[in-house]
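Reading the sequence shown from the start, the letters are residues 2 to 470 in the working numbering. Just so it is clear, CB atoms sit at the ideal spot from N, CA and C, and this is done for glycine as well. Remember, predicted model here, so these are calculated numbers, not experimental data. Heads up: the structure comes next, in structure tokens.
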Amino acid sequence: MLEKQRTIKNSVTLSGVGLHTGNKSNMTFKTAPADTGIIFRRTDLEGLPEIPADIDHVIDISRGTTIAKDGYEVHTVEHVLASIMGSEIDNIIVELDSNEPPVMDGSAKDYVETLKKAEIIEQEAMRDYLVIEDTVHYHDGENNVDIVALPLKDDFRISVMIDYNNPALGVQHTGLFNLHKEFEKEFAPSRTFCFLSEIEYLRNQGLIKGGDLNNAIVIVDKEADENELNDMKVKLGIEESIILGSSGTLNDRELRFKNEPARHKLLDLIGDLALIGAPVKGQILAARPGHKSNVEFTKMLRKLYLQKKIEKKFQVMKSENCIFDIEAILEIMPHRYPFLLVDRIIDIDMGKKIIGIKNVTYNEPFFEGHFPNKRVMPGVLIVEAMAQCGFILVLNSIDDPKNKMAYFASIEKVKFRKPVTPGDQLVFEMYLLSFKRGICKIAGKAYKNFIGGELVCEGEFMAAILDKQ
């Protein structure tokens, strides 16, 4: 697989209408520096707001993937993202003068061809991958969806199975085993599709305003008389006549591949996986995926990617069953013995939640002077340990954490529930409530021995994040 990051040399533009909004749209691909990632820029709005293409900015998954930041949206980004990932481009600016990319023919073919014309070039920075080391499994029992990521040494493969219980489709399978050799010819041309029975519902929901028989395949899954077909023709703004046909597709539209719907589902999944923020080294197996399941699965992989990223940042060797061992914590926190009160971080959900551990031993220096005949850990140190755990989460949510420090601003709603004595293990579950203009607020609880065990302490903390200098 590629060692170095890639971008494009020249700017290139496509024009058309958005599939769901029907808005006219000009989309321009532009070069971007290393480590930029994929950025959507709205040139039709004041200030040219930018939206990073990552899972944290997904706000809607009804019939497509919509991303937004500060109220500015871009709809139906999955085909564009799939073309960028399929072309193995890491850094790119996607400028739009509307709120949705042009749908073109409903596939990623035109995007890929345009990116090739822009000339893909290598950059000096090394490529960062999400390497799947252990099985990751997403299951949706209600919709009978399963998506699994499996370890695969230094390679990427993806397989998809769909089953809509429809005679025209049947059960379809497809697989991509070499992104470089197969994506452009075998998957980029596969077009989006919907069922005849969905069209009226979709239109009533304000969707597919730019849809027609030239940019989507309509699968015939019900009978319709001439009046219904004429009504549909009017709703879709189609000038040509509509017939049910005999091939299973409206107007007997010829498929580009026998299993084109399955290939398009694979295309969608690649596009949604781009929201991880890094290409994957691993094997993906998906049964009956859709945008909802894709996004939920991508959230799992994005969390894993961010964990691995900070592991590499602070830890030379990963310790078993933890994210940060004490050596990594020493790299992050300025505290030292006897005031470093967190021994391990066992879980972290970047920007949201962290779980840490403090082992309380007989040798703690405070036991010599604090109730020597009844050794109890001082409550103020329990509070300090909780805050330190929470601030590890905060410091890993900002740039250059090694040159930052957290200073208490306030402590609120602290309650002590149980005493802590030698031999106990404190487990901290801390949440980031807010972080604005250098001021963060965290809250959490400390338990004995395991999450949900005896509650020892709870409280809320506010701190200022300042430069060490």
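Buried versus exposed, by CB contacts within 10 Å (16 or more), residue i
i	result
M127	exposed
D71	exposed
V377	exposed
D438	A small fix is needed here, since residue 438 is Arg in this sequence, not Asp. Per the 10 Å Cβ criterion, exposed.
Y363	exposed
M2	exposed
I200	buried
Q470	exposed
V78	buried
Y1	Lying before the first or after the last residue shown, residue 1 is absent from the chain, which here runs from 2 to 470.
Q6	buried
K375	exposed
R64	buried
K442	buried
E101	buried
S294	buried
T44	exposed
L467	exposed
E4	exposed
K414	exposed
Coil, strand or helix - residue i by DSSP
i	result
I133	coil
Y408	strand
D156	coil
R43	strand
G38	coil
T362	coil
N205	helix
R264	helix
C323	coil
G391	helix
G460	strand
N145	coil
F367	helix
D348	strand
A69	strand
N216	coil
S26	strand
S108	coil
L3	coil
CB of residue i within 9 Å of CB of residue j, strictly
i	j	result
V343	A386	yes
C458	I383	yes
A465	A407	yes
I40	V113	no
Q173	P290	no
L394	L433	yes
F429	I349	no
P152	G283	yes
R254	I209	no
K234	I220	no
Residue-level contact to chain C via CB, residue i, 9 Å cutoff
i	result
D135	Checking the listed chains, one finds no chain C in this structure; it contains a single protein chain.
Near the ligand SAM: residue i beta-carbon under 8 Å from a heavy atom
i	result
I148	Annotation note on the ligand SAM: not contained in the displayed structure, which lists no ligands.
| Segment contact, 8 Å Cβ cut-off, at least three pairs: the segment 95-113 with the segment 190-198 | Between the segment 95-113 and the segment 190-198, the count of C-beta pairs closer than 8 Å reaches three or more; the two stretches touch.
| message | Ignoring anything shorter than 4 residues, give me the alpha helix (DSSP H) runs that lie fully in the segment 221-247, in order along the chain. | response | Fully enclosed alpha helix (DSSP H) runs of 4 or longer: 227-237.
| request: Answer yes if the segment 156-172 comes into contact with the segment 304-312, meaning at least three C-beta pairs across the two stretches below 8 Å, and no otherwise. | output: Taking a cut-off of 8 Å for Cβ pairs, the segment 304-312 and the segment 156-172 do not touch, as fewer than three such pairs fall below it.
| request: Within the segment 152-200, note down every full alpha helix (DSSP H) run reaching 4 residues or more, in order along the chain. | output: Listed in chain order, the complete alpha helix (DSSP H) runs (minimum 4 residues) inside the segment 152-200 are 180-183.
| If you pair each beta-carbon of the segment 175-186 with each one of the segment 83-92, do three or more pairs fall below 8 Å? | Segments in contact, yes.
| Is the segment 47-56 close to the segment 116-124, with three or more CB pairs under 8 Å? | Result no; under three Cβ-Cβ pairs closer than 8 Å.
| Should the segment 15-34 be regarded as contacting the segment 133-143, the criterion being three or more beta carbon pairs within less than 8 Å? | Here the segment 15-34 does not lie against the segment 133-143, with fewer than 3 beta-carbon pairs under 8 Å apart.
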